[in-house]
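As given, the protein sequences belong to chains A and B, one line each in that order.
Here this note's numbering is used: the first residue of the first sequence is 1, the next is one more, and so on.
Here this note's numbering is used: the first residue of the second sequence is 286, the next is one more, and so on.
Encoded as structure tokens, the structure appears first; notes follow it.
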Amino acid sequence: MIKRALTYAIALLCAPFTLCAQQLANDSIVPERVVVKCASYGITYMNNLDTYLSGYNHTGRGLYYSNEKFRDARIGNYRWKYQTLLTANTGITTLHDNTQLAGMVNYSWSGFHPFKINSRLQLLAGAQIQAGGGALYIPTNGNNLVSVKLRTALAATGAAIYHIPTKRGDYVLRAQADVPLAGVMFAPEFGQSYYEIFGLQQYSRTVAFSHPFNSPSVRGIFSVDIPIAWRLLNTTVRLTYTADIFQSDINQIRTHLYNHAFTVGVVKTIYKVKKKDNLIKYTPY
Amino acid sequence: MIKKLLTYLLPALLFTACLEEDQFSNSPMGNYDALWSIIDERYCFFEQAGQQHGLDWDAVYHKYKPQVQTAESDAELFDIYGNMLRELKDGHVNLTSDYGTTYYWDWNLNHPLNFSDSLQRNYLGNDFRLTNGIKYTTLPSNIGYVYVGSFEGSLSSDNVSLMLLRLAESKGIIIDIRNNGGGMLTSAEELAAHFVSGKTHCGYIQHKTGKGHNDFSSPEKLYIEPNGVIWKKPVAVLTNRAVYSSANHFVMLVKPLPQVVVMGDKTGGGSGLPLNSTLPNGWTVRFSACPILDIEGKHTEFGITPHEEVHITSADWNSGRDTIIERAIELINSLYEENNNKKD
């Protein structure tokens, strides 16, 4: 009887603490998924060379678009993060009176393992799958007026993300580099015409294995997220510089597509939760 | 772990060296060197040009270099560069800039014309039909006459099929491609596809695989596959020296076919599929790059000899008769009678 009374008494004494603990748990709702999205638009300075079309650099400006999603991976106790990045650029480049049109679309999927150095700095390292396509077009050329670009590659990727807290929110600096390590790409032979490839369907010699020695390429992304709180406006703007350096030297045809793009976009953070009350907001980015 | 990552990642970034082509300067000599090198590395008929007219490309460089060094204007340089390209004696080699386009015409202009549109008018009349640039009619002797003056336009199978259906009752057809300077290979092949009844091997094509004069891929077979209405009655294909490029290709495709007789003058040639490149100053150069060979593996760069060589005589010219068309009518009539006799 005394034992039972003591049990109830202890239970009653502990009840407020239990409730408190439950309240804390409610306060600590972790979202199932957080996605940081940013569509950016801007201009790119292009420098293109494709010796299949012309032996000389064509330079000019164009438009650049990127659409990035950065999120927690739902596997491995949120230890992984992943990123999808779609970029597209188009522009007109010239060599004196000689005009070249260029357009490329690239897509990459990256999986990162995070290394949290301190509360402000995290480093990410991982692997990336890249796929891209596009074309260079010189209207005045005859049977070689187009050079088609098609490629896919497995790349190493790494990033450093640094937060600078302010009253309005965090400034976030990011530096990312993607380096293709192995892949396949469309590569006609030195003097092979598109009439042979597409007209006569002689595709067999047009696929080449690419690696850093015949296609040393890199994409560097440098961005800063700037929180803006002014009257009713409360948002985050991202300024990005992207150095997209694609190069190849296959079948004695040299190619380089250099894009130096400056873009601006608005960052949206989306929290996916079952119950929004007491949500703890955080960013995987 | 982080140290390891940096160890591998940083060198990868640092060793992403720029890939540049050896680029000549935008100067009179730089553009000259660029032009000479483009041809040296990418032109496909050095061996044939050497055999045909003793071309020595290294000697050509030294021949024009002093002229370039003393040239005083871009217009003068344009002419000098054009003269250097003419040494190749190839109608597919041109230099284009604001000053115009340089040409080599001797493959055509140094030979008898063997064609007159005034004479042709006497056969085509005023009630000819026109489809996709092709003029055609039925001659009084019930022989179809088809004039294909160019392959610049894209020919469709329907156009050719409907034309052949309209001529179906005739004893045979004359396909006159004289003065056809070419255009699209695919148009020439589209027309040829109406004269084969099955997949037919008709030649070879190859391309350069490197910068050496003899770096070529192994020849790949070319085929024509039947398309639309197939014409099996006798065909006379009329040629002259102005038949060039895609038109030369058409002759190469149909010459081996059993119902086809090629008559007239030798064609002008031009069997190298041309590609383009640019000089540092933006001028564009076109050059033969992919040789197309006939069914025996022989080059047709310098023309195709007809089955029967016929020239327009002065007497016929003066009396308004086209000797080559007249001979084609005579041939088709005789083949028609021969076939009738066989049936009897």
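Cβ coordinates follow ideal geometry from the N, Cα and C atoms, glycine included.
Bridge partner(s) assigned by DSSP for residue i
{"i": "residue 40 of chain A", "result": "A:66 and A:265"}
{"i": "residue 398 of chain B", "result": "For residue 398 of chain B, which the question treats as bridged, DSSP gives no partner whatsoever."}
{"i": "residue 174 of chain A", "result": "A:161 and A:223"}
{"i": "residue 524 of chain B", "result": "B:549"}
{"i": "residue 493 of chain B", "result": "B:501"}
{"i": "residue 83 of chain A", "result": "A:70 and A:110"}
{"i": "residue 327 of chain B", "result": "BP columns for residue 327 of chain B are empty, so no partner."}
{"i": "residue 577 of chain B", "result": "B:490"}
{"i": "residue 572 of chain B", "result": "B:560"}
{"i": "residue 46 of chain A", "result": "A:60 and A:259"}
{"i": "residue 420 of chain B", "result": "B:415 and B:432"}
{"i": "residue 272 of chain A", "result": "A:33"}
Residue i vs residue j beta-carbon contact at 8 Å
{"i": "residue 512 of chain B", "j": "residue 534 of chain B", "result": "no"}
{"i": "residue 518 of chain B", "j": "residue 326 of chain B", "result": "no"}
{"i": "residue 565 of chain B", "j": "residue 395 of chain B", "result": "no"}
{"i": "residue 709 of chain B", "j": "residue 544 of chain B", "result": "This structure gives no information on residue 709 of chain B, because the portion of chain B shown stretches from 286 to 629."}
{"i": "residue 556 of chain B", "j": "residue 590 of chain B", "result": "no"}
{"i": "residue 465 of chain B", "j": "residue 532 of chain B", "result": "yes"}
{"i": "residue 134 of chain A", "j": "residue 103 of chain A", "result": "yes"}
{"i": "residue 549 of chain B", "j": "residue 609 of chain B", "result": "yes"}
{"i": "residue 331 of chain B", "j": "residue 342 of chain B", "result": "yes"}
{"i": "residue 183 of chain A", "j": "residue 157 of chain A", "result": "no"}
{"i": "residue 237 of chain A", "j": "residue 264 of chain A", "result": "yes"}
{"i": "residue 111 of chain A", "j": "residue 82 of chain A", "result": "yes"}
{"i": "residue 470 of chain B", "j": "residue 489 of chain B", "result": "no"}
{"i": "residue 377 of chain B", "j": "residue 189 of chain A", "result": "no"}
{"i": "residue 149 of chain A", "j": "residue 198 of chain A", "result": "no"}
{"i": "residue 505 of chain B", "j": "residue 484 of chain B", "result": "no"}
{"i": "residue 225 of chain A", "j": "residue 172 of chain A", "result": "yes"}
{"i": "residue 375 of chain B", "j": "residue 366 of chain B", "result": "no"}
{"i": "residue 161 of chain A", "j": "residue 285 of chain A", "result": "yes"}
{"i": "residue 397 of chain B", "j": "residue 596 of chain B", "result": "yes"}
{"i": "residue 448 of chain B", "j": "residue 421 of chain B", "result": "yes"}
{"i": "residue 245 of chain A", "j": "residue 208 of chain A", "result": "no"}
{"i": "residue 212 of chain A", "j": "residue 181 of chain A", "result": "yes"}
Supposed close pair residue i, residue j - CB separation, criterion 8 Å
{"i": "residue 138 of chain A", "j": "residue 108 of chain A", "result": "At roughly 28 Å, the Cβ-Cβ gap does not stay under 8 Å, so residue 138 of chain A and residue 108 of chain A are not in contact."}
{"i": "residue 57 of chain A", "j": "residue 561 of chain B", "result": "No, residue 57 of chain A and residue 561 of chain B are not in contact; Cβ-Cβ is about 17 Å, not under 8 Å."}
{"i": "residue 621 of chain B", "j": "residue 456 of chain B", "result": "4 Å"}
{"i": "residue 429 of chain B", "j": "residue 459 of chain B", "result": "7 Å"}
{"i": "residue 467 of chain B", "j": "residue 530 of chain B", "result": "3 Å"}
{"i": "residue 143 of chain A", "j": "residue 558 of chain B", "result": "6 Å"}
{"i": "residue 568 of chain B", "j": "residue 380 of chain B", "result": "6 Å"}
{"i": "residue 84 of chain A", "j": "residue 254 of chain A", "result": "That belief does not hold up - the Cβ atoms of residue 84 of chain A and residue 254 of chain A are roughly 31 Å apart, past 8 Å."}
{"i": "residue 574 of chain B", "j": "residue 193 of chain A", "result": "7 Å"}
For residue i, three-class secondary structure by DSSP
{"i": "residue 561 of chain B", "result": "strand"}
{"i": "residue 392 of chain B", "result": "helix"}
{"i": "residue 609 of chain B", "result": "helix"}
{"i": "residue 215 of chain A", "result": "coil"}
{"i": "residue 589 of chain B", "result": "coil"}
{"i": "residue 249 of chain B", "result": "The structure shown does not extend to residue 249 of chain B, since chain B spans only 286 to 629, so no value can be given for it."}
{"i": "residue 430 of chain B", "result": "strand"}
{"i": "residue 230 of chain A", "result": "strand"}
{"i": "residue 313 of chain B", "result": "helix"}
{"i": "residue 100 of chain A", "result": "strand"}
{"i": "residue 202 of chain A", "result": "coil"}
{"i": "residue 207 of chain A", "result": "strand"}
{"i": "residue 461 of chain B", "result": "strand"}
{"i": "residue 192 of chain A", "result": "coil"}
{"i": "residue 379 of chain B", "result": "strand"}
{"i": "residue 408 of chain B", "result": "helix"}
{"i": "residue 615 of chain B", "result": "helix"}
{"i": "residue 52 of chain A", "result": "coil"}
{"i": "residue 247 of chain A", "result": "strand"}
{"i": "residue 480 of chain B", "result": "coil"}
{"i": "residue 541 of chain B", "result": "coil"}
{"i": "residue 151 of chain A", "result": "strand"}
{"i": "residue 185 of chain A", "result": "strand"}
{"i": "residue 333 of chain B", "result": "helix"}
{"i": "residue 598 of chain B", "result": "coil"}
{"i": "residue 554 of chain B", "result": "strand"}
Contact list for residue i against chain D, beta-carbon separation under 9 Å
{"i": "residue 257 of chain A", "result": "Here the protein chains are A and B, and chain D is not one of them."}
- Message: Measuring CB atoms only, is the region 43 to 62 of chain A touching the region 81 to 91 of chain A, in the sense that at least three cross pairs come out at less than 8 Å?
- Response: Verdict: yes, contact present.
- Query: Can you find at least 3 beta carbon pairs, one from the region 435 to 448 of chain B and one from the region 600 to 609 of chain B, that sit closer than 8 Å?
  - Reply: Short answer: they don't touch.
- If you pair each beta-carbon of the region 217 to 229 of chain A with each one of the region 166 to 176 of chain A, do three or more pairs fall below 8 Å? Short answer: they touch.
- Item | contact_flag[the region 157 to 168 of chain A, the region 195 to 206 of chain A] where n(CB pairs < 8 Å) is 3 or more | They do not touch, by the three-pair rule.
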